[in-house]
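Here is the structure we will look at, set down as structure tokens.
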Amino acid sequence: MVDLQGQYQSLKEQVNTSITQILESSAYINGPHVHAFQKELEEYLGVKHVIPCANGTDALQIAMMGLGLKPGDEVITADFTFAATVEVIGLLQLTPVLVDVELDTFNIDPIAIEKAITPKTKAIVPVHLFGQCANMDVILDIAKKHNLFVIEDNAQAIGANYNFKDGSSKKAGTIGHVGSTSFFPSKNLGCYGDGGAIFTNDDALAHTLRGIVNHGMYERYHHDVVGVNSRLDSIQAAVLSAKLPNLNAYCESRRTAAKKYSEAFEGQENIVVPEMAKTKGNNSYDNHVFHQYTLRITNGKRDELVKHLNEKEIPCGVYYPIPLHKQKAYADSRYKEENFTITNKLVKEVISLPMHTELDNEQIDYITSTVIGFVNG
Ligand SMILES: *Cc1c(COP(=O)(O)O)cnc(C)c1O
2 MVDLQGQYQS
12 LKEQVNTSIT
22 QILESSAYIN
32 GPHVHAFQKE
42 LEEYLGVKHV
52 IPCANGTDAL
62 QIAMMGLGLK
72 PGDEVITADF
82 TFAATVEVIG
92 LLQLTPVLVD
102 VELDTFNIDP
112 IAIEKAITPK
122 TKAIVPVHLF
132 GQCANMDVIL
142 DIAKKHNLFV
152 IEDNAQAIGA
162 NYNFKDGSSK
172 KAGTIGHVGS
182 TSFFPSKNLG
192 CYGDGGAIFT
202 NDDALAHTLR
212 GIVNHGMYER
222 YHHDVVGVNS
232 RLDSIQAAVL
242 SAKLPNLNAY
252 CESRRTAAKK
262 YSEAFEGQEN
272 IVVPEMAKTK
282 GNNSYDNHVF
292 HQYTLRITNG
302 KRDELVKHLN
312 EKEIPCGVYY
322 PIPLHKQKAY
332 ADSRYKEENF
342 TITNKLVKEV
352 ISLPMHTELD
362 NEQIDYITST
372 VIGFVNG
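Going by my numbering, the residue at position 182 of the sequence shown is 183; the numbering climbs one at a time, nothing skipped.
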């Protein structure tokens, strides 16, 4: 599904030099490399504050802690996403409220968000799923109208631009009150272990978050709030600093591969290619960074296709096979199946094909002809 070796080979000298330097310096934690990466990412994203932390799940949790959300507060998020999003809501004893997504973009449905709002609702967590921004124009309007926080789970869309209806544009993750990301190796900007970060333009919130990641300490051995221990280490920061200057090029390679996939599948009955923003009225393709390239197989042959591709040794994935509202940990008697028709359909239809920065035409031709031959064969 991903080719991490190819990227490493192209950055090998730089990465190895930095890592050796860190080993010699013994500044393994909170060293200059972490600070340097933080500044570089702030500049890249055009955001005032980046707070590095240990992983993307922590980033989400710390963001929610920083906003002062309290047990019983309701937090609305998508039914169709990775479990980390709802997990941290549950862990903080907030009440997750799962809502349906849109069929064409796989992203949280603003209409479903508005329907789910109650007097207890405090925050919305849009997940920019598979690398494409959720409908932030409408989500920000809803949040403003109901006085809600917007926390962007940007683990899959770092580098994406969100192009607002008024023509302005911002980087994904810097649009709401706070955003989070993951540097897990297979993410679009991945390190060689675990890593994550929180983004915000709010100075006071950034100060709070910096304390929370460090045991609630704002002054050495003064613990003002309950915090956690969540750090990005120097070695991971050095890897990320080597990769960040290439992030735009990585995004472009992914978009190019996605375009080739979609061209090959054009006109195929039973295969629905992922929607790109341009077809929704924006004038740019850059709001999608294709963390995943995900098709819908609409003739009921998705599971057979997975088996067939496995036999042909073509990697593929089903993200995600079970809606969160049907997971034991997150089921809730208040949920009604008729409110999850899209997610219930997607879990049976979606399949993600190999997507990374090293895909070549020959691989794409082989993959697309194998898929088409099987689905419509
Ligand atoms: C990967 C991911 C996370 C969690 O990131 P980790 O670094 O693995 O903790 C959270 N949300 C989404 C949508 C993700 O894809």
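Yeah, the Cβ is synthetic: ideal placement off N, Cα and C, and Gly gets one too.
When the five nearest sequence neighbours on each side are left out, the beta carbons in the same chain lying within less than 6 angstroms of the beta carbon of Q39 are those of V51, P53, in order along the chain. Using a cutoff of 6 angstroms, the CB of D142 does not count as near ligand 1, since none of the ligand's heavy atoms is closer than that. For V227, DSSP records no beta bridge to any residue. Boundaries of the beta strand (DSSP E) around R297: 294 to 298. In this structure the stretch 255 to 264 does not lie against the stretch 20 to 28, because fewer than three pairs of beta carbons, one per stretch, are closer than 8 angstroms. Boundaries of the alpha helix (DSSP H) harbouring I236: 235 to 244, taken from the DSSP string. In the DSSP annotation of this structure, the continuous segment of the beta strand (DSSP E) that includes D154 starts and ends at 150 to 154. Burial of H357 is indicated by the presence of at least 16 other C-beta atoms within 10 angstroms of its C-beta. In the displayed model, K346 falls within a helix according to three-state DSSP. Note: A113 is not bridge-paired with any residue in the DSSP secondary-structure output. In chain order, P72, G73 place their CB closer than 8 angstroms to the CB of Q94, counting only its own chain and leaving out the 5 sequence neighbours on each side. Note: H289 is bridge-paired with Q133 in the DSSP secondary-structure output. In the structure shown, E75 falls within a strand segment according to DSSP collapsed to helix, strand and coil. P53 is bridged by DSSP to A198.
With a cutoff of 7 angstroms on beta-carbon distance, A144 and V151 are scored as near each other. Beta-bridge annotation (DSSP): T96 is paired with E75. Straight through space, the alpha carbons of D225 and P186 are spaced by roughly 34 angstroms. Shortest Cα-Cα distance from A243 to any of I373, L12, V76 involves L12.
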